[in-house]
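Working notes for the structure below.
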Amino acid sequence: MSESIIKEENLVYKKTNLLTSKALSYCPGCGHGTAHRIIMEVIEEMNIQSETIGIAPVGCSVLAYDFMDIDMQQAAHGRAPALATAVKRLYPNKFVFTYQGDGDLAAIGTAETIHACNRGENITMIFINNGIYGMTGGQMAPTTLIGMKSSTSPYGRDVALNGNPLKMTELIAQLPGTYYVTRQAVHTPANVRKTKKAIRKAFEYQKLNKGVSFVEIVSNCNSGWKMAPVQANKWMEDNMFPFYPLGDIKVPSEQ
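Residues 108 to 362 in this note's numbering are what the sequence shown lists, from first letter to last.
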């Protein structure tokens, strides 16, 4: 048996062709890299790379177009749903998705998010929730937990002062324009498989023209949380998941 055949038989994982060779700009241990990979794997497996347009707004994912080898468009901070709406209406047969963090989607972009979901725009929204502003210095975000420390809440989030954390995914699930809403994670192989399956469903549902498919990914922020990656994942399991429980929140009625 030739050496090339042996190597192919022993191949456990091969990088998707839709990730560029550019080194990721994310902090080591961050979930963004894994999220990027599985999105591109889904697009490659569905063979829709030439039919997909991604929207990257401001935040840690601002340079997503450097890493994803598909058509991408930059949006102003928080405006990805508005831009995705325009793109999808101009190119209704394209697969259109936004890739947004919690500061982008649930703070400055709250109105765009809610109204796009309420209108039932036929897009996929991928929401990375790490409970903090990752790129700009670790400030408190709408999703920051009660008692969670940040650069702007050094003593922990105080409800009397800062209000309650915003469960954006449960909020938009109540809107009639959302078709599929789920919350997943990417910190273990089992969770990666579940998230990849959810993202594939979200893209496939675009063919049905039934409204928004929304996939939240609860992730860590080692830098913002001031923790090592393993410690951050454990903290996420112990603190983030009880408040942001994983699983489907809204599924199509025919399922």
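Each residue gets a CB set at the ideal place from its N, CA and C atoms; glycine is no exception.
Output yes or no for whether 8 angstroms exceeds the beta carbon distance between residue i and residue j.
i, j, result
"Gly210", "Tyr240", "yes"
"Phe321", "Val299", "no"
"Tyr286", "Lys317", "yes"
"Val149", "Lys303", "yes"
"Gly244", "Ser258", "yes"
"Cys134", "Asn237", "no"
"Pro199", "Gly185", "no"
"Ala142", "Ile235", "yes"
"Ala305", "Leu353", "no"
"Gly161", "Ile177", "yes"
"Pro249", "Ala214", "yes"
"Val319", "Gly284", "yes"
"Thr205", "Ala187", "yes"
"Phe310", "Met153", "yes"
What do you get for residue i, buried or exposed, if any count of 16 or more other CB atoms within 10 angstroms of its CB means buried?
i, result
"Met108", "Caution is warranted here: a pLDDT of 49 is assigned to Met108, below 50, making its placement in the model unreliable, and the coordinate value is therefore given only provisionally. Per the 10 Å Cβ criterion, exposed."
"Gln281", "exposed"
"Thr127", "exposed"
"Ala130", "exposed"
"Ile146", "buried"
"Tyr120", "exposed"
"Arg290", "buried"
"Pro359", "exposed"
"Ser330", "buried"
"Asn340", "buried"
Which residues does DSSP list as the beta-bridge partners of residue i?
i, result
"Ala363", "In the structure as shown, the chain begins at 108 and stops at 362. Residue 363 is therefore absent and cannot be evaluated."
"Met175", "Leu126"
"Thr205", "Ile162 and Met232"
"Val325", "Asn236 and Ala292"
"Gly354", "Arg290"
"Glu168", "The residue asked about is misnamed: residue 168 is Ser in this sequence, not Glu. DSSP, once it has assigned bridges, lists no residue as partnering Ser168."
Compare the C-beta of residue i against all C-beta atoms of chain D and say whether one is closer than 8 angstroms.
i, result
"Glu152", "Judged by its chain identifiers, the structure shown contains no chain D, having just a single protein chain."
Please look up how many angstroms separate the CB atoms of residue i and residue j, rounded, as I've assumed it's under 8 angstroms.
i, j, result
"Phe350", "Leu252", "6 angstroms"
"Thr276", "Ile356", "6 angstroms"
"Gly138", "His294", "7 angstroms"
Residue ranges of each alpha helix (DSSP H) within the stretch 222 to 298, 4 or longer: Complete alpha helix (DSSP H) runs here, min 4: 266 to 269 and 275 to 280.
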